[in-house]
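Student: For what it's worth, our numbering labels the leading residue of the sequence shown as -6, then goes sequentially. From the three backbone atoms N, C-alpha and C, an ideal C-beta is built for every residue, glycine too. One structure, as structure tokens, below. Some questions next.
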Amino acid sequence: MLTDTHCHLADPVLASRLPEITAAAHAAGVRRFMVPSVTEADFDAVCQLHNPPEYYGALGLHPWFAESFQPDLISRIAERLQAQPGLLVGEIGLDYYGDRKQTRAAQTAALLAQLDLAQQFGRPVLLHHVRAAADVVTALKHSGFCSGGIAHAFSGSLEEARAFIRCGLLIGIGTLVLNPNAHKVRTTAAELPLEHLMLETDSPFMQIAGAGENTPANVRQVAETVAALRGISMQEVADATEQNVNRLLSFS
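Here it is as structure tokens:
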């Protein structure tokens, strides 16, 4: 069995065809899904999908929308976390790509508030960290967060990965690893101990060149690529990463 630890199944692109999408995933051996929100507008759909042990929802405000953050959002997320055991917190984080760095203060405020909430409830987080790994690590340390989670769609160096690991996070290896030119993430996938790795697609985003739509079924291709880079069987990768998922979700 495999788990897609980051797939936006509440996004209309996938939600409108959910039976077809999940059937294709099942055929590829992908049987478990972690589904983050992006804005509060996603919360209802994510909570409706949340159905452990197959679907695990995550609620949070993506850093792209941090300027809309208001403190009362925290109480509304808290109500849902209280009502639905097993929910995670996410997708949260920082994104400094291009002009987004101009919203750095708002992003940091939203991230710290959501980390505090996740810590209060003992929930893991799904962390976005585009060109902002060092500042996300700083936020984790500043908040004293210790409830675990995933550094989602990791694309950085081994040193950055190890900094996240020291903060108690797992490293999400996604479809970027399929690109032969993505040297840093392929090095991370090849050299980090398997006990620190997770598999994901970020579907329907992170399109795979020449492969059409990105869906959770592509986790199998991610697993096969990680196995090839490490010179081991895909089953070894699957077994280890599933143990990691089980450990992360042991709070539920």
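Alpha carbons only, please: which of Leu120, Gly167, Arg179 is nearest the one belonging to isoleucine 201?
Tutor: When only C-alpha atoms are compared, the closest one is Gly167.
Student: My assumption, with CB atoms under 8 Å, is that threonine -4 sits in contact with glutamate 235. Please give the rounded CB distance.
Tutor: 6 Å
Student: Measuring CB to CB, does valine 31 end up less than 8 Å from histidine 55?
Tutor: yes
Student: Run through DSSP, which three-state label would glycine 22 get?
Tutor: coil
Student: What is the rounded straight-line gap between the Cα of alanine 3 and the Cα of glycine 86?
Tutor: Distance between the alpha carbons of alanine 3 and glycine 86 is about 19 Å.
Student: Of the choices Pro45, Ala8, Ala216, whose alpha-carbon is the least far from that of serine 243?
Tutor: Per the C-alpha coordinates, the member of Pro45, Ala8, Ala216 positioned closest to serine 243 is Pro45.
Student: Rounded to the nearest angstrom, how far is the Cβ of tyrosine 89 from that of valine 118, given a contact under 8 Å?
Tutor: Going by Cβ atoms, the distance from tyrosine 89 to valine 118 rounds to 19 Å, so no, they are not a contact pair.
Student: Would you tell me roughly how many angstroms separate the C-alpha atoms of alanine 194 and alanine 127, rounded to the nearest one?
Tutor: Looking at the sequence itself, residue 194 is threonine, so the reference to alanine does not match. Whole-angstrom Cα-Cα distance: 23 Å.
Student: Here's a check: name, in chain order, each residue in its chain whose Cβ is nearer than 6 Å to the Cβ of leucine 133, leaving out the five neighbours to either side.
Tutor: Cys160
Student: So what's isoleucine 166 in DSSP terms, helix, strand or just coil?
Tutor: strand
Student: If we ignore side chains and look at the alpha-carbon of each, how far apart do phenylalanine 114 and valine 28 end up?
Tutor: 18 Å
Student: If distances are taken between C-alpha atoms only, which option among Ala125, Ala106, Gln77 comes closest to glutamine 95?
Tutor: Ala125
Student: On a CA-only basis, which of Ser148, Leu151, Gln112 is nearest glycine 141? Give me that one, please.
Tutor: Gln112
Student: So which of Glu152, Leu80, Gly224 has the shortest CA-CA distance to phenylalanine 26?
Tutor: Leu80
Student: Just to confirm, is the Cβ distance from alanine 183 to leucine 222 under 8 Å?
Tutor: yes
Student: Smallest Cα separation from aspartate 92: which of Gln77, Phe157, Trp57?
Tutor: Aspartate 92 has its Cα closest to that of Trp57, out of Gln77, Phe157, Trp57.
Student: Suppose the cutoff is 8 Å on Cβ atoms and the five residues either side in sequence are ignored; what does the same chain contact list for glutamate 47 look like?
Tutor: Arg24, Arg25, Phe26
Student: Pop quiz: valine 178 and valine 219 are said to be a contact at Cβ under 8 Å. What is the actual Cβ separation, rounded to whole angstroms?
Tutor: Going by Cβ atoms, the distance from valine 178 to valine 219 rounds to 10 Å, so no, they are not a contact pair.
Student: What does the alpha-carbon distance come out to for the pair leucine 190 and alanine 210?
Tutor: 18 Å
Student: Let me know the secondary structure DSSP gives glycine 142 once reduced to three states.
Tutor: strand
Student: So, are the CB atoms of phenylalanine 147 and threonine 181 less than 8 Å apart?
Tutor: yes
Student: Report buried or exposed for glutamine 41, applying the criterion of at least 16 other Cβ atoms within 10 angstroms of its Cβ.
Tutor: exposed
Student: Where alanine 51 and leucine 110 are concerned, what is the direct C-alpha to C-alpha distance, given to the nearest angstrom?
Tutor: Cα-Cα distance, rounded: 13 Å.
Student: I think glutamine 100 touches alanine 59, with their Cβ atoms under 8 Å apart; what is that distance to the nearest whole Å?
Tutor: 4 Å
Student: Tell me, please, which residues DSSP counts as bridged to proline 197.
Tutor: None, per the DSSP bridge assignment.
Student: Going by beta carbon distance, what residues of the same chain come within less than 6 Å of glutamate 153, once the five residues before and after it are set aside?
Tutor: Within the same chain, and ignoring the five residues on either side of glutamate 153 in sequence, the residues whose Cβ sits closer than 6 Å to its Cβ are Ala126.
Student: Taking buried to mean at least 16 other C-beta atoms within 10 Å of its own C-beta, is serine 9 buried or exposed?
Tutor: It counts as exposed.
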